[in-house]
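Everything in the sequence shown is counted per the UniProt record's numbering, starting at 1 for the first residue and increasing by one.
Ideal placement from N, C-alpha and C gives every residue a C-beta, glycine not left out.
Small disclaimer: the values here were computed from a predicted structure and weren't measured.
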Amino acid sequence: MKTLFQLFAIIFFATSCSSAQSKKFPVTKTDAEWKKQLTDEQYRVARKEGTESPFHNAYHDNHEKGIYNCIGCGQTLFTSDTKFESGTGWPSFYQPISKKVVEENRDKTFGMVRREVHCSNCGSHLGHVFGDGPKPTGLRYCMNSASLRFVKK
Numbered sequence: 001m002k003t004l005f006q007l008f009a010i011i012f013f014a015t016s017c018s019s020a021q022s023k024k025f026p027v028t029k030t031d032a033e034w035k036k037q038l039t040d041e042q043y044r045v046a047r048k049e050g051t052e053s054p055f056h057n058a059y060h061d062n063h064e065k066g067i068y069n070c071i072g073c074g075q076t077l078f079t080s081d082t083k084f085e086s087g088t089g090w091p092s093f094y095q096p097i098s099k100k101v102v103e104e105n106r107d108k109t110f111g112m113v114r115r116e117v118h119c120s121n122c123g124s125h126l127g128h129v130f131g132d133g134p135k136p137t138g139l140r141y142c143m144n145s146a147s148l149r150f151v152k153k
């Protein structure tokens with residue numbers, strides 16, 4: 001019975017962890033380099049796949065025109081033209097600037113099955129994508145402000 005429990009624990013842990021942090025990306029830095037570049041909150045969210053508080057973040061209520069870049073490498077990810085009010089408390093977009101700038105993987109943490117979104121260039125955790133967004137895509141890219149840098153037009 002103990003062996004069965006240990007096996008279950010190993011399987012649960014292995015399927016709960018993101019595969020993005022083990023992948024090699026074009027921009028690769030050591031943990032110390034990331035910590036030097038990012039604030040504590042940015043590091044927790046972007047590098048440790050955390051989530052910031054809803055409604056208490058930089059861009060959930062931002063209505064200015066511009067672009068949203070990755071906090072880790074500067075890659076352009078979203079434009080204000082695709083941002084919409086989702087009512088969730090996080091900045092939400094119905095599509096990235098290109099499918100090539102984000103990567104998605106299955107996230108089974110906390111007993112939920114979701115699609116996690118990472119920057120395709122550096123692997124920074126951005127947020128999750130859900131199928132309850134507006135037209136034309138029907139998608140809601142629910143992003144963390146801590147993983148983004150807004151550049152005003």
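For this session: Return helix, strand or coil for Thr-82, following the three-state DSSP convention.
Result: helix
For this session: On a CA-only basis, which of Arg-114, Thr-79 and Gly-87 is nearest Val-101? Give me that one, please.
Result: For Val-101, the nearest C-alpha among the options comes from Thr-79.
Problem set entry | Cβ-Cβ separation, Gln-42 to Ile-71 (assumed contact under 8 Å), whole Å | 5 Å
Exercise. Which residues bound the beta strand (DSSP E) around Lys-152?
Worked result: 148–152
Problem set entry | Counted within 10 angstroms of its Cβ, other Cβ atoms place Pro-26 as buried (16 or more) or exposed | exposed
Exercise. Could you give the uninterrupted runs of the alpha helix (DSSP H) lying entirely in the UniProt domain "MsrB" (31–153), keeping only those of 4 residues or more?
Worked result: The UniProt domain "MsrB" (31–153) contains these whole alpha helix (DSSP H) runs: 31–37.
Problem set entry | Closest by C-alpha distance to Arg-140, when choosing among Glu-64, Leu-126 and Arg-149 | Leu-126
For this session: Assign Phe-55 to one of two classes, buried (16 or more other C-beta atoms within 10 Å of its C-beta) or exposed (fewer than that).
Result: Exposed: under 16 other Cβ atoms inside 10 Å.
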